[in-house]
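Enquirer:
Number of protein chains: 2
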Amino acid sequence: MTENPRTSAEPDPPGDRMPKKSELPGTASASVMASASVAKKGARQRRVTITDVGTAAGVSTSTVSRVLNGTARVDPELARRVQDAVAELGYRPNAAAQGLARGEAGAIGVLVPDLSNPYFPDVLKSVSAVARSNGRRVMVMESDEDATSEHELAEDLMRCCDGVLLCSPRMNRAELVDLSLRGHPVVLVNRIVPGLSLPSVSVDFYGGMTLVCGHLTQLGHRRVAYLSGPEASWANAERIRAFDAAAAFGVDVTVIPCGHTARHGYAAADAVRDSGVTAVVAYNDLVALGAVTALEESGLRVPEDMSVIGCDDISLDDLPSSRRLTTASLARDELGRQAAQTLEALMAANGDTEPRVIPMELRVRHTSAPPAVPAH
Amino acid sequence: MTENPRTSAEPDPPGDRMPKKSELPGTASASVMASASVAKKGARQRRVTITDVGTAAGVSTSTVSRVLNGTARVDPELARRVQDAVAELGYRPNAAAQGLARGEAGAIGVLVPDLSNPYFPDVLKSVSAVARSNGRRVMVMESDEDATSEHELAEDLMRCCDGVLLCSPRMNRAELVDLSLRGHPVVLVNRIVPGLSLPSVSVDFYGGMTLVCGHLTQLGHRRVAYLSGPEASWANAERIRAFDAAAAFGVDVTVIPCGHTARHGYAAADAVRDSGVTAVVAYNDLVALGAVTALEESGLRVPEDMSVIGCDDISLDDLPSSRRLTTASLARDELGRQAAQTLEALMAANGDTEPRVIPMELRVRHTSAPPAVPAH
DNA sequence: CTGTTAGCGCATTCAC
DNA sequence: GTGAATGCGCTAACAG
């Protein structure tokens, strides 16, 4: 034990200090803590309302509302009394009541298929940033890659949020149409459905995979495997579409059903070996790294014996790996930001946003190389 | 292109089918789609309310409410008419109004410091499972390891949720006390604050690290480094406390300030080398894997030259890595389940739950071995 | 500038 | 078993 004995355990010694004025309301009057202490947890006492505040401050509820929301000018003296009362009573506005009266919830919802993939938390961060800058909360829900529950979750979200971001939705077209008919702000992220009137922001996976194929071709690869992701994934379909097109350049792509996790990639390694390819492209970086692991465990060298290419470029920041994965990269923060902005515009009825597309770039790193036995 | 040409692109060919009856309400009447189509997105038309349904069905709003909530017996004929009207109109209850009237939001909130660590999504899954089984939504917020914003986010959550789960909160004791005084259901996950009246569910990190130290000792290690996590982390403090105690067994632990991500671990590798230890314990698996990567890149062999031990055991399921990390493991789903149940009990006023502790187990895998030059 | 009056959409007493 | 009336807590006209 050399350093920093244990100071980090309790940032503040017990009872050391009370919250600073700037942190908490309720420091204006000496009786604050006393009245707060009354709020024992046993007695589910009636929450303090705006009326209580008004009474305590000797003003009407409208005035309280005004100073709290800055809706209109209020006599400084009254404002002070209100704020004191708020602090004194520990008043917090009731979100449901505000929502009802204002006609909006003050929150946006985000539905994602899988939080375990660092990809989504990253997107979420920038979504949250713009949402908060607009004074809105963010409500996250995860469908766990389950297309069945997704529609219901989306409905839930729509019921309690002013707008919803559907990330990589797996639900079928009909369900999407159903949601789009609600007249509720919804934007699609990474899913483009022809004929659907929903704004969308998506990544150019087709372009990204085309770059990957080009890279592989120039390296001399001819036979390539693709570890396919979730069946209902639009992103997956786009990647496959790119491989289709690549056939014109002499690239023969074998699609191997796989999945979206490292575990899936790990399990698919045998099939990759057996397929006789010299390179494999994975649905995403997680799958790719899983595959690399299994491939190496089975005695193959990457990239000498087998090139492995990922997608999403999550490895750099989020994943620990001695393998610097060659991958298709995108600005996840930009994706999140544009999605949130599009939704914001929609909610402001400044809609009619045309489909936005985030480009991909090829990142050549250490898992791609010419094939051991060049084609021709 | 060998298989599965592109069928997965659109699960349903455009216009192929409408939602099945079991999936969606609104199929009862032939005019459903027609009326739904009226809901153009441009005209922010008034949402259909329970009154509209009542009118359409020729009953009072109370009756509508009754059939919708199953609150009381209703004439089957009327019930049918109500349900038809609901379907026809595409009625969805307004969450805010329900919340206001019922006096509860129908949701619980979960605050986590970092969604990018697979640890939290895992916990979230089981929290969601029990919440949903209780008919409650789950609202997730991320503080991004920022102790400053955490208190505010928690307040936000409390305002719109019936109960809140504070996971690994970084805020200081005073802020925690402030929240605990609100008389609002809150349970602490992975943070124990003496004298605080909040129920808690936490992992026995102390015990876990003690096992790790024992393992290392028996292997023959005497000089060990600890890559320390966030300063405000209780879990981090607990780990350090265990190292303190381990000193009695002749283990000399050097604490190296580090962080909570793989990148942090990667960056700290030099310091580990320089410290002259034969083994290093990381704040978590992410950090450990980052360290392994850097260590190996610098020419050291793991575990021959340096043992590396993690914490949380996320590598197995979530992380791709050719390194099977020796680590301290816990049942994350159990942690989430117990936390959610404790909160549920609190909300039902069946509170007074005593602190729950989730045990840790040692998982000896491939990154720990006897030191190259055994002590003595 | 401020107080009074109406709802927001729904659940829930009450009478019938 | 059903409808009418009341109120949840708050905001937004509306008068003053």
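Sequences listed follow chains H and S, in order.
Following full-length UniProt numbering, the residues of the first sequence are numbered contiguously, the last one being 376.
Following full-length UniProt numbering, the residues of the second sequence are numbered contiguously, the last one being 376.
Every residue gets a Cβ at the ideal spot worked out from N, C-alpha and C, and that includes glycine.
Computed from a predicted model, the values in this text were never measured in an experiment.
1) According to the neighbour-count rule (16 or more other Cβ atoms, all chains shown, within 10 Å of its Cβ), is HIS151 of chain H buried or exposed?
2) Chain S partners of SER126 of chain H, CB-CB under 7 Å?
3) Whose C-alpha, out of S:ALA340, S:ASN350, S:ALA279, is nearest the C-alpha of ALA369 of chain S?
4) Can the beta-carbon of ASP285 of chain S be found closer than 7 Å to that of ASP312 of chain S?
5) So VAL201 of chain S contacts chain H; which residues on that side make the cut at Cβ distance below 7 Å?
6) Report all residues from its chain with a CB closer than 8 Å to the CB of THR210 of chain S; omit the five preceding and five following residues, and keep chain order.
7) Output the boundary residues of the beta strand (DSSP E) element that contains TYR226 of chain H.
8) What's the gap between the Cα of ARG92 of chain H and the Cα of ALA95 of chain S?
9) Could you spell out the range, first to last residue, of the alpha helix (DSSP H) harbouring SER307 of chain S?
10) Taking only three categories from DSSP, how would you classify ALA180 of chain H?
11) Could you check the C-alpha separation between ARG365 of chain S and THR327 of chain H for me, to the nearest Å?
12) Can you list, in chain order, the stretches of the alpha helix (DSSP H) that have 4 or more residues and sit fully within the region 178 to 265 of chain H?
13) Could you tell me whether the Cβ atoms of LEU153 of chain S and LEU111 of chain S are closer together than 7 Å?
14) Pick out whichever of H:LEU335, H:ALA349, H:GLN341 has its Cα sitting closest to the Cα of PRO359 of chain H.
15) Give the secondary structure of MET347 of chain H by DSSP, where H, G and I count as helix, E and B as strand, and everything else as coil.
16) Rounded to a whole number of angstroms, what is the C-alpha to C-alpha distance between SER116 of chain S and ILE314 of chain H?
17) Within 7 Å of any Cβ in chain S, is that where the Cβ of LEU100 of chain H sits?
18) In the structure shown, what three-state DSSP assignment does LEU100 of chain H receive?
19) Let me see if you follow: with CB-CB separation under 7 Å, is ALA129 of chain S close to chain H or not?
20) Under a three-way DSSP split, which group does LEU111 of chain H fall into?
21) What does LEU115 of chain H reach in chain S if we use C-beta pairs closer than 7 Å?
22) Since MET139 of chain S meets chain H, which of its residues come closer than 7 Å, beta carbon to beta carbon?
23) Candidates H:GLY103, H:ILE50, H:ARG191: which alpha carbon is nearest LEU85 of chain H's?
24) If I'm right that SER168 of chain H touches SER128 of chain H with Cβ under 8 Å, what's the distance once you round it to whole angstroms?
25) Once the 5 residues before and after PRO121 of chain S are set aside, which same chain residues still bring their CB inside 8 Å of it?
26) Per the DSSP calculation, GLU361 of chain S is bridged to which residue(s)?
27) May I ask you to report which of helix, strand or coil DSSP gives GLU142 of chain H?
28) Please give the ranges of any alpha helix (DSSP H) in the region 58 to 91 of chain S, keeping only runs that are unbroken, at least 4 residues long and fully inside the region.
29) Given a threshold of 16 other Cβ atoms within 10 Å of its Cβ, counted over all protein chains shown, does residue 377 of chain S qualify as buried or as exposed?
30) Using the rule of at least 16 other Cβ atoms within 10 Å of the residue's Cβ for burial, across every protein chain shown, is ARG102 of chain H buried or exposed?
31) Under 9 Å Cβ-Cβ, which residues of chain S neighbour PRO93 of chain H?
32) Pair every Cβ in the region 260 to 280 of chain S with every Cβ in the region 188 to 198 of chain S, then say whether three or more of these pairs are closer than 8 Å.
33) Please decide whether ASP156 of chain H counts as near chain S, where near means a Cβ-Cβ distance under 7 Å.
34) Run through chain H and tell me which residues come within less than 8 Å of PRO370 of chain S, C-beta to C-beta.
35) Which same chain residues, not among the five before or five after GLY54 of chain S, have their C-beta less than 6 Å away from its C-beta?
36) Since GLY299 of chain S is in the beta strand (DSSP E), which residue starts that stretch and which ends it?
Expert: On the basis of the supplied data:
1) buried
2) Result: empty, since nearest Cβ-Cβ is about 11 Å, beyond 7 Å.
3) S:ALA279
4) yes
5) In chain order: nothing, as chain H lies at least about 17 Å away.
6) ALA242, ALA245, ALA246
7) 223 to 228
8) 19 Å
9) Unbroken run through SER307 of chain S is the beta strand (DSSP E), 307 to 312; no alpha helix (DSSP H).
10) Before going on, a small fix: residue 180 of chain H reads as Ser here, not Ala. It is helical.
11) Going from the Cα of ARG365 of chain S to the Cα of THR327 of chain H covers about 30 Å.
12) Taking only runs of at least 4 residues, the alpha helix (DSSP H) segments lying wholly in the region 178 to 265 of chain H are 205 to 219, 234 to 246.
13) yes
14) Put simply, of H:LEU335, H:ALA349, H:GLN341 the residue whose alpha carbon is nearest the alpha carbon of PRO359 of chain H is H:LEU335.
15) helix
16) 11 Å
17) yes
18) helix
19) no
20) Note: LEU111 of chain H maps to strand in three-state DSSP.
21) Under the 7 Å cutoff, chain S gives LEU115, PRO121, LEU124.
22) MET139
23) At residue 85 of chain H the sequence reads Ala, which differs from the Leu that was named. Among H:GLY103, H:ILE50, H:ARG191, the Cα nearest to that of ALA85 of chain H belongs to H:ILE50.
24) Not a contact, Cβ separation roughly 18 Å.
25) LEU115
26) S:SER329
27) strand
28) Counting whole runs of 4 or more residues, the region 58 to 91 of chain S contains the alpha helix (DSSP H) stretches 61 to 69, 76 to 89.
29) Nothing can be reported for residue 377 of chain S, as the shown portion of chain S is limited to 1 through 376.
30) Exposed: under 16 other Cβ atoms inside 10 Å.
31) ARG159
32) With a cut-off of 8 Å, the region 188 to 198 of chain S and the region 260 to 280 of chain S do not count as touching, because too few Cβ pairs lie within range.
33) For ASP156 of chain H, the answer is yes, since a Cβ of chain S falls inside 7 Å of its Cβ.
34) Within 8 Å Cβ-Cβ: nothing; PRO370 of chain S doesn't reach chain H, min ~23 Å.
35) Only residues of its own chain outside the window of five on either side were considered, and among them SER60, THR61, VAL64 have a CB closer than 6 Å to the CB of GLY54 of chain S, listed in chain order.
36) Neither: GLY299 of chain S is in no beta strand (DSSP E) and is coded neither H nor E.
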